[in-house]
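Data block below; observations after.
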Amino acid sequence: MNDQDIEGLCVLVNSNFSFQDALRLLRDNRNEKCFNGLLYHLEKGEEIEQFLELYFPKKYCIYLKPFSLFLPFVRSLTLTRGCIHDEKEYRVNTLKELLYPLLLFVGTWLGLSVFTFLCFPTLISLFHNFSMDSNFLLVIQIVFKGICICLFILIISSCILVLLCRNKHCQLIFYDFICKVSKHNFIKLYQSSLFARFYKQCIVSGISTKESLQLLQTIELHPILNLICKTVENDLIKGIQIEKALQNNYLDRTLIQYMKVAIYSSTMDEMLNGYIKINEAKMKRSIKRFAKGCQLVSYGCIGFIIIIVYQILILPLTLMAQM
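Letter by letter, the sequence shown follows residues 1 to 323 in full-length UniProt numbering.
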């Protein structure tokens, strides 16, 4: 079963078709074996949760299994599809925005490293052969080496951090640390938007706030989302009102303000949509600032290289003037 099949099932069951009727209507040569298997188990009276993994993609099972503990299967399927679609769209758009500055950053480091460690020694030797002062080249080489080493350390540190954060416990430690160090950071914006998107899907599905928080804690793929929901739920259990429970270090302040207004205006889904749009604009601005920083470093290095190449080109004229 693929995404197209699941989307078709969701459309039909939301149009008041039974799940079995939806399977029969969408059955064709491509999915016949899968759909017949589902119908066989359902007609035997088996619960669909018992054979989910046999017919549904793994990414859907990760959501469907815990969601089915709180909701009927049909509603769980609709909610799962909404969450997966929103998450995929959000992740792809964010990666597209980050691709250019990251490539520029790595490209600058590679180009600068090649020039510094391969070309510079040859240039210095050339100056020595012509008995010319090469002190300024030595100074520039030292500066470039320092920049290359700093960029290399930064790239390696980032790679190590990414690998460490594949571990859920490390993700939580890092997120807790960065939220304490900086109240406004890119990662908090990303996680707050993810929370808003998933919470909006729950609200649209008619799930209460308490059930939404409990349900979102069951998504194993997102430990930081689990942490946010658990923190808010624990405060609610203590008797703290929702607007105060939301005021924690893990959520973006703008999201907290939007949700406060939404609580009293009963337009939660509209307010969350508004926040998501504002959040996207904030993240784009952050990425643009990062890109401009990369461009500044890149163009600065290119400028130095052009100056050095120019010095090499005018070397014959300098020698002729000295004769």
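Cβ coordinates follow ideal geometry from the N, Cα and C atoms, glycine included.
| Query | Result |
| --- | --- |
| Which of the three DSSP states is assigned to His169 in this structure? | helix |
| Rank Gln241, Gln247, Gln191, Leu77 by C-alpha distance to the C-alpha of residue 325 and give the top, closest one. | The question about residue 325 has no answer, for the chain in this structure spans 1 to 323. |
| Counting only the same chain and skipping the five closest in sequence on each side, list residues whose C-beta sits under 7 Å from that of Thr231. | Asn248, Tyr250 |
| Applying the criterion that 16 or more other CB atoms from any shown protein chain within 10 Å of the CB defines a buried residue, is Leu138 buried or exposed? | exposed |
| What's the C-alpha gap between residue 325 and Leu79? | Only positions 1 to 323 of the chain appear in the structure, and residue 325 is not among them; the question remains open. |
| When the Cα of Gln4 is compared with those of Leu42, Arg27, Cys170, Ala245, which residue comes out closest? | Arg27 |
| Mind checking whether Ser68 and Glu49 have CB atoms under 8 Å apart? | yes |
| According to DSSP, simplified to helix, strand and coil, what is Phe115? | helix |
| Can you tell me the Cα-Cα spacing of Phe195 and Tyr275, whole angstroms? | 11 Å |
| Between Ile203 and the rest of its own chain, which residues show a CB-CB distance below 6 Å, the 5 nearest in sequence each way excluded? | Met268, Asp269 |
| Does the segment 103-113 come close enough to the segment 57-68 to have 3 or more Cβ pairs within less than 8 Å? | no |
| Flag this pair as yes or no: are the beta carbons of Ala291 and Pro101 separated by less than 8 Å? | yes |
| If we ignore side chains and look at the alpha-carbon of each, how far apart do Phe310 and Phe304 end up? | Looking at the sequence shown, residue 310 is not Phe but Tyr. Using only the alpha carbons, I get a separation of about 10 Å. |
| If we ignore side chains and look at the alpha-carbon of each, how far apart do Leu227 and Gln257 end up? | 20 Å |
| Helix, strand or coil for Leu268, going by three-state DSSP, please let me know. | In the sequence under discussion, the amino acid at residue 268 is Met, which differs from the Leu named in the question. Helix, per DSSP. |
| Return the residue from the list Asn36, Cys34, Gly82, Ile287 that minimises the CA-CA distance to Arg197. | Gly82 |
| Would you check if the distance between the CB atom of Ile224 and the CB atom of Leu172 is smaller than 8 Å? | yes |
| Rounded to the nearest angstrom, what separates Phe73 and Phe105 at their Cα positions? | 46 Å |
| Do you know how far the Cα of Cys229 is from the Cα of Gln217? | 6 Å |
| Which of the three DSSP states is assigned to Arg197 in this structure? | helix |
| Given this structure, state the Cα-to-Cα distance separating Leu38 from Gln214, to the nearest angstrom. | 29 Å |
| Can you find the residues in the same chain that come closer than 6 Å, C-beta to C-beta, to Leu12, ignoring five residues on each side of it along the sequence? | Ala22 |
| Between the Cα of Met283 and the Cα atoms of Leu98, Asn14, His128, which residue gives the shortest distance? | Leu98 |
| Under the rule that 16 or more other beta-carbon atoms within 10 Å means buried, what is residue 324, buried or exposed? | Outside the displayed range of the chain (1 to 323) lies residue 324, so it cannot be described from this structure. |
| Going residue by residue through the segment 77-163, where are the continuous beta strand (DSSP E) segments of at least 3 residues, counting only ones entirely within it? | none |
| Could you tell me which of Lys44, Ile187, Arg253, Leu255 sits nearest to Cys165, measuring between CA atoms? | Ile187 |
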